[in-house]
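Q: Take this note's numbering: the final residue in the sequence shown is number 780, and no numbers are missing along the way.
Below is the structure I would like to discuss, written out as structure tokens.
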Amino acid sequence: MHPAQRQRSFSPTAAAQHQGALIQHKILPKCYVIGGVSGSGKSTVGRMLATRLQCPFYEGDDYHPKANKDKMHSGIPLQDADRWPWLQTLANIIHQHIIRDELAVVACSALKQKYRDILSGQVEHSEHVKEVAFVLLQPSKDVLTQRVQQRTAEGTHFMPASLLESQLALMEVDSSAYRYDAQPPSAIVDDLVALRGTESH
580 MHPAQRQRSF SPTAAAQHQG ALIQHKILPK CYVIGGVSGS GKSTVGRMLA TRLQCPFYEG
640 DDYHPKANKD KMHSGIPLQD ADRWPWLQTL ANIIHQHIIR DELAVVACSA LKQKYRDILS
700 GQVEHSEHVK EVAFVLLQPS KDVLTQRVQQ RTAEGTHFMP ASLLESQLAL MEVDSSAYRY
760 DAQPPSAIVD DLVALRGTES H
């Protein structure tokens, strides 16, 4: 099946227009930010995409300071003041890859538009804004709940299931992002690679 025929949360026309605009300006994304709430599959999709693009993968959770992780582990939602230094650290990583003309994939919840603006350089009016592509993963609430509860039971992640509701409440849809709901990770990665038109830099 051709990628344009796969069901997405956005229309194939919108995706084609977005990608067409990038190609028209001879700009392909240098960095993909895989966003979504906890349990959406950011890390899985991000690692797979980085492998296909033969580029580094950065797990955003690894860059949270201990205070943030302790807060979330205790079931306390993060405030914007907690997130700013973390987002700026990831923004710096993204910017360094772009100025070196290198590809990278970053997994980061990026729940609000203002968070995405920091990551893309929009806040600083960077000339590289268009070189950052956001991919938002939006499985159903039932799927998310099941995944987060399983991770909590296994002790494989610091964020408890009790914080899922607060993340869903914060999530803002980005009309310019690539958005996916129930597709398997491999299908999402196939689609992104096909839209890009190449599997390597």
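For glycine and all other residues, C-beta sits at the position ideal for the given N, C-alpha and C.
Computed from a prediction, not measured in an experiment: that's the story for all the values here.
On the three-state DSSP scale, how would you describe Leu628?
A: If DSSP states are grouped into helix, strand and coil, Leu628 belongs with the helices.
Q: If you drop the 5 nearest sequence neighbours on each side, which residues of the same chain put their C-beta closer than 6 Å to that of Gly625?
A: Ile613, Phe636, Val684, Ala686
Q: From this set, Glu710, His676, Arg662, Ile677, which residue's C-alpha is nearest Lys691's C-alpha?
A: Arg662
Q: Which value, in whole angstroms, describes the spacing of the CA atoms of Gly776 and Lys720?
A: Each residue's CA atom was taken as its position, placing Gly776 and Lys720 some 32 Å apart.
Q: Would you report the Cα separation of Arg679 and Ser745, rounded to the nearest angstrom?
A: Using only the alpha carbons, I get a separation of about 37 Å.
Q: Can you give the Cα-Cα distance for Pro582 and Asp769, rounded to whole angstroms?
A: Its pLDDT being 36, under 50, Pro582 is placed unreliably in this model, and the coordinates cannot settle the point.
Q: Within 10 Å of its beta-carbon, does Val727 have 16 or more other beta-carbons around it, so buried, or fewer, so exposed?
A: buried
Q: Assuming Glu710 and Cys634 form a contact by the criterion Cβ under 8 Å, report the distance between their Cβ atoms to the nearest whole angstrom.
A: Rounded, the Cβ-Cβ distance is 13 Å, inconsistent with contact.
Q: DSSP beta-bridge partners for Gly614?
A: Answer is Leu715.
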